[in-house]
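These protein sequence lines are chains A and B, in that order. According to my numbering, the stretch in the first sequence is residues 506 to 654, in order. According to my numbering, the stretch in the second sequence is residues -10 to 140, in order. C-beta: ideal position from N, C-alpha, C; glycine also. Below: one structure, written as structure tokens.
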Amino acid sequence: MNDRTDAEIAERLSMKRSRILPMLAVIFLAQQATYFSGTNDPARAVAHVKIAAWFVLSVVLLAMLGTGGGWFRSKAVRELLNDEATREHRRTGLIAGFWAASIAAVVLYAIDMFEPMSARQAVHIILTVSIATALVVFGSLERRAHRDA
Amino acid sequence: MSYRPQPDFDRPTAESVQRTRRATIWIIPAVILQQTTLIFGHGDVFSQLLGAICWTTLTIAELWWLLGLPFRWMSERDQAILNDEWSRSVSGDAARWGIATAALVGCGMMIARIWVALDAGVAIFALVNSALIVAVARSWWLDRGEPGDDE
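Below you can see the structure in the form of structure tokens.
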């Protein structure tokens, strides 16, 4: 009885995760608009708050990508939630994220030769592109798997 | 008696690619060090541009080697061996460590930027290559078995 309940919980959470991940990527990217739209004087306290907010969200998303999430669930549910197919999707997402980071770095390096930018902006863009790509790929693979199931 | 048709004799096989991958993975950090001297040496614009193009090409080649893009010119059987579950698992874990390193180094730079003026080019180079070196190290650690172990 308990096993079935765990399986149902895991199934429900997995469906929810597949819907939320692409949304999280959109929210994450939209959050960067506020950072890059206004003037960002590093000396102002608000700049530190913006950076801190971005950093906290990045760490949470990375931790979710790295571990698969479900931190507040039982071990049995976490194991069901991170089955072999999900682990494979996560791996693919992380590889895509790594590629995206490297390509973004190369593009920014080329841009920096003609249009100088700050180190903080470069780091911010590279990490954002990497995390968002990993989220979108992981989320879309999960969605496809649920659709085909 | 030959084991393979003659036209394929000199072509790389999955096994030879795996062996080469294991044997040459340590070259990546050495290449990165070499790139650093080329890009950040005090040369003119042309040599810096050349360095940047070299860096780009080598980074993509290294990623291809490390994260296993398909080797399209190989047979389906060889591609299947090169992208088996274990290889995908190693690549995925290496990428996970690489991204985590990039996040840590990026965070360190964000904090260091408050006190030290950082050049964007140096930051980008350090961020990507630190992630690449850690991913290579992780990949080497997971895949350190002898070539014959799984055959």
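A distance of 8 Å or more separates the beta carbons of S80 of chain B and L52 of chain B. Straight through space, the alpha carbons of G40 of chain B and L518 of chain A are spaced by roughly 48 Å.
Between A112 of chain B and F603 of chain A, the CB-CB gap reaches or exceeds 8 Å. Residues of the region 91 to 125 of chain B whose Cβ lies closer than 8 Å to any Cβ of chain A, in chain order: A91, A92, G95, C96, M98, M99, R102, I103, L107, D108, A109, G110, V111, A112, I113, F114, L116, V117, A120, L121, A124. Taking the Cα positions, W54 of chain B is about 11 Å away from L71 of chain B. Per DSSP, reduced to three states, the secondary structure at S623 of chain A is strand. W129 of chain B: member of the alpha helix (DSSP H) spanning 109 to 131, first to last residue. By the Cβ-count criterion, Q7 of chain B is buried, with 16 or more other Cβ atoms from all chains shown falling within 10 Å of its own Cβ. Here the C-alpha atom of I42 of chain B lies approximately 29 Å from the C-alpha atom of R596 of chain A. For the region 638 to 653 of chain A, the residues whose beta carbon sits under 9 Å from a beta carbon of chain B are, in order, A639. The beta-carbon of R625 of chain A is placed less than 8 Å from the nearest beta-carbon of chain B. I88 of chain B has a beta carbon lying within less than 8 Å of a beta carbon in chain A. Taking the beta carbon of T45 of chain B as reference, the chain A residues within 7 Å of it are V611, listed in sequence order.
Remark: C-beta atoms of I631 of chain A and A601 of chain A do not approach each other more closely than 8 Å.
In this structure L640 of chain A touches A530 of chain A by the C-beta definition: roughly 4 Å separates them, less than 8 Å. Contact between H629 of chain A and Y540 of chain A holds: CB atoms are separated by about 7 Å, below the 8 Å threshold. With contacts defined by Cβ atoms closer than 8 Å, A627 of chain A and A92 of chain B do not form a contacting pair.
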